[in-house]
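Colleague: Residue numbers (this note's numbering), protein chains in the order written: chain A, 1 to 203; chain B, 1 to 203.
Beta carbons are placed, not taken as given, at the ideal position from N, Cα and C, and that holds for glycine.
None of the values given here were measured: they were computed from a predicted structure.
Protein chains: 2
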Amino acid sequence: MTDLEKGPTGRRRGRGARERILSASQQLFREQGINRTGMDQLCAAAQVSKRTAYQHFTNKDELVAEYLRRFDPSVLSNVFDRTDLAPRERLLAAFDVPPTTPLCPYIAASVELHDPQHPASQYAHDYKKAVAARLADTAREAGATDPEQLGEQLALLIDGAAARTRVLNADAFPTAAAIAAVLIDNALPDTAGDHRERAEASS
Amino acid sequence: MTDLEKGPTGRRRGRGARERILSASQQLFREQGINRTGMDQLCAAAQVSKRTAYQHFTNKDELVAEYLRRFDPSVLSNVFDRTDLAPRERLLAAFDVPPTTPLCPYIAASVELHDPQHPASQYAHDYKKAVAARLADTAREAGATDPEQLGEQLALLIDGAAARTRVLNADAFPTAAAIAAVLIDNALPDTAGDHRERAEASS
DNA sequence: CCGTAAGCACACAGGGCGGTGTACTTAACG
DNA sequence: CGTTAAGTACACCGCCCTGTGTGCTTACGG
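#1: Does the stretch 130–146 of chain B come within contact of the stretch 72–84 of chain B, defined as at least 3 CB pairs closer than 8 Å?
#2: Looking at the C-beta of S25 of chain A, does it have a partner C-beta in chain B at a distance below 8 Å?
#3: What's the gap between the Cα of A199 of chain A and the Cα of N186 of chain A?
#4: According to DSSP, simplified to helix, strand and coil, what is H114 of chain A?
#5: By the 7 Å beta-carbon criterion, what residues does the stretch 76–102 of chain A contribute toward chain B?
#6: Rank A:P174, A:L42 and A:V79 by C-alpha distance to the C-alpha of E152 of chain B and give the top, closest one.
#7: By DSSP, does T52 of chain B sit in helix, in strand, or in coil?
#8: Taking F29 of chain A as the reference, which of A:Q149, A:L150, A:C104 and A:L183 has the closest Cα?
#9: In the DSSP assignment, find the alpha helix (DSSP H) that holds I179 of chain A and state where it starts and stops.
#10: Counting Cβ pairs, one atom from each stretch, are 3 or more of them under 8 Å apart for the stretch 51–60 of chain A and the stretch 102–118 of chain A?
#11: Kindly indicate if chain B contains any beta-carbon less than 8 Å away from that of I184 of chain A.
#12: Could you list which residues in chain A have their beta carbon closer than 8 Å to that of R69 of chain B, in chain order?
#13: Given a limit of 9 Å on CB to CB distance, which residues of the stretch 140–166 of chain B reach chain A?
#14: Check for me: the alpha helix (DSSP H) holding A162 of chain A runs from which residue to which?
#15: Return the CA-CA distance between D250 of chain A and Q122 of chain A, expressed in angstroms with no decimal places.
#16: Would A242 of chain A and F95 of chain A qualify as a contact pair, given that the criterion is a beta-carbon distance under 8 Å?
#17: Look up A93 of chain B in the DSSP assignment and say whether it is helix, strand or coil.
#18: Below 8 Å on the Cβ atoms is my contact criterion, and I expect K138 of chain B with L91 of chain B to pass it. Report the Cβ-Cβ distance as a whole number of Å.
#19: Mind pulling the chain A residues with CB within less than 7 Å of N35 of chain B?
#20: Counting only Cβ pairs nearer than 7 Å, list the residues of chain B close to S110 of chain A.
#21: Return the residue from the list B:L183, B:L168, B:N169 and B:D171 that minimises the CA-CA distance to A144 of chain B.
#22: Kindly indicate which three-state DSSP category L76 of chain B falls into: helix, strand or coil?
#23: Please classify A20 of chain B as buried or exposed, where buried requires at least 16 neighbouring CB atoms within 10 angstroms.
#24: Between P99 of chain B and A172 of chain B, what straight-line distance do the alpha-carbon atoms span, to the nearest angstrom?
#25: Who are the neighbours of Y106 of chain B on chain A, taking C-beta pairs under 8 Å?
#26: Distance cutoff 8 Å, beta carbons only. Does D3 of chain B sit that close to anything in chain A?
#27: Please confirm if T214 of chain B has its CB atom under 8 Å from at least one CB of chain A.
#28: Residues in its own chain within less than 8 Å of E112 of chain B by CB, not counting five upstream and five downstream?
#29: Residues of the stretch 36–58 of chain A in Cβ contact with chain B at a cutoff of 7 Å, in chain order, please.
#30: I need the DSSP call for T83 of chain A, collapsed to helix, strand or coil.
#31: Would you tell me roughly how many angstroms separate the C-alpha atoms of D194 of chain B and A181 of chain B, rounded to the nearest one?
#32: Please list, in chain order, all residues of the same chain as A45 of chain B whose beta carbon is under 8 Å from its beta carbon, the five residues on each side excluded.
#33: Show which residues of chain B have a CB atom less than 7 Å away from the CB atom of A172 of chain A.
#34: I'd like to know if K219 of chain B contacts chain A, where contact means its C-beta is closer than 8 Å to some C-beta of that chain.
#35: Check whether the Cβ atoms of H125 of chain B and N59 of chain A lie closer than 8 Å to each other.
#36: Check for me: the alpha helix (DSSP H) holding F71 of chain B runs from which residue to which?
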């Protein structure tokens with residue numbers, strides 16, 4: 001509340017420590033993982049004194065949770081709010097991830113923290129459910145017979161591609177997109193022609 | 001704790017240290033994660049002195065790598081060497097995991113260690129490729145048109161179910177199995193009327 | 001019965017970590 | 001100007017972690 005809008009002109013001498021901390025988190029947590037990134041290193045990268053960091057975040061756990069919350073706008077909206085695509089194409093667009101994306105940070109956080117009670121783990125849980133829900137909404141919009149099922153299935157494909165990309169160090173999203181195309185065509189009874197036979201995947 | 005009799009009667013718990021260490025690793029690494037399990041705690045659980053542990057494994061990294069290698073027999077063989085099942089059922093049996101399984105330890109290790117050069121990460125990589133290859137073999141045996149593709153697709157489903165089970169704390173393997181049934185039926189041209197209905201089941 | 005290898009108990013080094021205390025400096029605003 | 005909120009510099013604490021050094025005890029094979 002009293003964090004940012006205190007001053008009309010935002011720049012104090014430290015030029016917005018909180019933003020720099022979160023920005024550095026995005027980079028370091030992704031590159032090195034959460035557990036392997038110490039607060040000292042993080043503050044050095046953000047050019048912020050450690051004391052200031054602990055005045056913005058009571059502890060590292062809270063910082064990690066906030067770091068995760070910063071991913072929503074770029075992931076959820078940029079895919080689902082595209083009005084230039086038909087619902088079916090929007091579902092497939094969820095698998096068009098740029099190859100720069102290393103790994104879904106929510107999965108990484110859940111595994112690294114290893115504590116379902118951790119606020120970041122709980123947020124990851126909620127986020128994954130939200131993605132499945134938005135996929136289901138889009139599936140319903142596309143006329144799927146069982147939108148919830150299709151949404152859950154597509155969400156599973158995304159997570160599978162993310163995990164596999166990480167372990168194998170090779171992009172697995174094309175394979176997932178191929179499966180998604182099959183599932184979508186199987187779930188849309190009104191698409192033109194006999195989709196069932198032509199539903200072939202290609203990686 | 002238990003009154004561990006240390007000398008007078010009965011064999012000292014010595015002479016099986018390595019096995020006990022690896023056994024304790026399986027339990028603790030799964031329950032708590034690798035990074036959150038210290039060598040002190042591990043040795044205490046294994047009833048092994050720390051000195052002995054470091055005479056069997058030069059460092060923790062090597063222990064982690066060896067810990068991962070102990071999963072092969074129980075995962076690869078127990079599914080693929082079942083002669084009582086037809087190839088198609090064998091493919092689906094890969095999704096019949098007992099609910100006690102918390103998470104694929106290979107994914108967990110890759111994420112936790114966060115270093116593709118780590119021996120355990122490399123072994124995880126090889127293992128995942130081996131699973132995909134065995135799935136492809138079984139797919140070929142079942143008469144799939146593109147066995148490699150189907151194997152890779154099923155492997156992705158397994159990893160997706162594992163990751164999603166972890167993040168959501170809910171079993172995602174039934175959903176993955178439903179998708180697998182669809183993919184398998186789409187890839188087997190000769191099973192036209194038999195299993196079509198099963199492809200509609202889901203979580 | 002003795003030698004040797006395996007195991008044990010325990011202390012300790014060295015380092016990284018999360019987090020704090022203290023005294024100080026600067027920018028913004030009235 | 002003065003006040004005040006934000007940031008700084010840096011030392012420091014306590015904890016836990018991996019990994020060793022040292023001397024001692026036990027089991028087993030010949």
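Modeller: On the basis of the supplied data:
#1: yes
#2: Residue mapping note: residue 25 of chain A aligns to position 25 of the first sequence, counting from 1. False, the Cβ-Cβ gap to chain B never drops below 8 Å.
#3: On the first sequence, residue 199 of chain A is found 199 positions in, with the first residue counted as 1. On the first sequence, residue 186 of chain A is found 186 positions in, with the first residue counted as 1. Residue placement at A199 of chain A cannot be trusted, given a pLDDT of 44 that sits under 50; the coordinates are not used to answer.
#4: Translated into the one-based positions of the first sequence, residue 114 of chain A becomes position 114. Correct three-state label for H114 of chain A: coil.
#5: none
#6: Locating residue 152 of chain B in the second sequence gives position 152, where the first residue counts as 1. Closest option to E152 of chain B, Cα to Cα, is A:P174.
#7: Taking the first residue of the second sequence as 1, we reach residue 52 of chain B at position 52. Helix, per DSSP.
#8: On the first sequence, position 29 is the one that residue 29 of chain A refers to. If we check each option's Cα against that of F29 of chain A, A:C104 comes out closest.
#9: Within the first sequence, residue 179 of chain A is the residue found at index 179, counting from 1. Counting along the chain, the alpha helix (DSSP H) containing I179 of chain A begins and ends at F173 to A187.
#10: no
#11: For the purposes of this step, residue 184 of chain A is taken as the residue at position 184 of the first sequence. No - not a single Cβ of chain B is within 8 Å of the one on I184 of chain A.
#12: Translated into the one-based positions of the second sequence, residue 69 of chain B becomes position 69. Within 8 Å Cβ-Cβ: nothing; R69 of chain B doesn't reach chain A, min ~16 Å.
#13: T145, D146, E148, Q149, L150, E152, Q153, A155, L156, L157, I158, D159, G160, A161, A162, A163, R164 and R166
#14: If you number the first sequence from 1, residue 162 of chain A lands on position 162. Here the alpha helix (DSSP H) through A162 of chain A covers P147 to L168.
#15: Any property of residue 250 of chain A remains undetermined from this structure, which presents chain A solely from 1 to 203.
#16: Missing from the structure shown is residue 242 of chain A; chain A here goes from 1 to 203 and no further.
#17: In the second sequence, counting from the first residue as 1, residue 93 of chain B sits at position 93. Looking at A93 of chain B - three-state DSSP - the assignment turns out to be helix.
#18: Indexing the second sequence from 1 puts residue 138 of chain B at position 138. Indexing the second sequence from 1 puts residue 91 of chain B at position 91. Note that residue 138 of chain B is Thr in the sequence shown, not Lys. About 5 Å; that satisfies the 8 Å criterion.
#19: Your numbering for residue 35 of chain B matches position 35 in the second sequence. Those are N35, listed as they occur along chain A.
#20: Mapped onto the first sequence, residue 110 of chain A falls at position 110. Simply R166 and V167.
#21: Translated into positions along the second sequence, residue 144 of chain B becomes position 144. For A144 of chain B, the nearest C-alpha among the options comes from B:L183.
#22: Position 76 of the second sequence, counted from the start, is the residue given in the question as residue 76 of chain B. In the structure shown, L76 of chain B sits in a helix (DSSP, three-state: H, G or I).
#23: The residue labelled residue 20 of chain B in the question sits at position 20 within the second sequence. Before going further, note that residue 20 of chain B is Arg rather than Ala in the sequence given. Buried: at least 16 other Cβ atoms inside 10 Å.
#24: Taking the second sequence and counting its residues from 1, one reaches residue 99 of chain B at position 99. Taking the second sequence and counting its residues from 1, one reaches residue 172 of chain B at position 172. So the alpha carbons of these two residues sit roughly 10 Å apart.
#25: Working through the second sequence from its first residue, we reach residue 106 of chain B at position 106. By Cβ distance, chain A contributes V167.
#26: Counting from 1 along the second sequence, the entry for residue 3 of chain B is found at position 3. Model confidence at D3 of chain B stands at a pLDDT of 32, short of 50, so the residue's coordinates are unreliable and nothing is read from them.
#27: Only positions 1 to 203 of chain B appear in this structure, which leaves residue 214 of chain B out of reach.
#28: By 1-based counting over the second sequence, the position of residue 112 of chain B is 112. Same-chain partners within the cutoff: G33, I34 and N35.
#29: R36
#30: For the purposes of this step, residue 83 of chain A is identified with residue 83 of the first sequence, where counting begins at 1. It is coil, neither helix nor strand.
#31: For the purposes of this step, residue 194 of chain B is taken as residue 194 along the second sequence, with counting starting at 1. For the purposes of this step, residue 181 of chain B is taken as residue 181 along the second sequence, with counting starting at 1. Residue confidence is low: D194 of chain B scores 48 on pLDDT, short of 50, so the model does not pin down where it sits. No coordinate-derived value is stated.
#32: Here residue 45 of chain B refers to the residue found at position 45 of the second sequence. So the list reads A24, Q27 and L28, once near-sequence residues are dropped.
#33: The residue given as residue 172 of chain A occupies position 172 in the first sequence. Simply L156.
#34: For residue 219 of chain B there is no data in the structure shown, the boundaries of chain B being 1 and 203.
#35: Within the second sequence, residue 125 of chain B is the residue found at index 125, counting from 1. Within the first sequence, residue 59 of chain A is the residue found at index 59, counting from 1. No, they are not a contact pair.
#36: In the second sequence, counting from the first residue as 1, residue 71 of chain B sits at position 71. F71 of chain B -> no alpha helix (DSSP H), and no H or E assigned at all.
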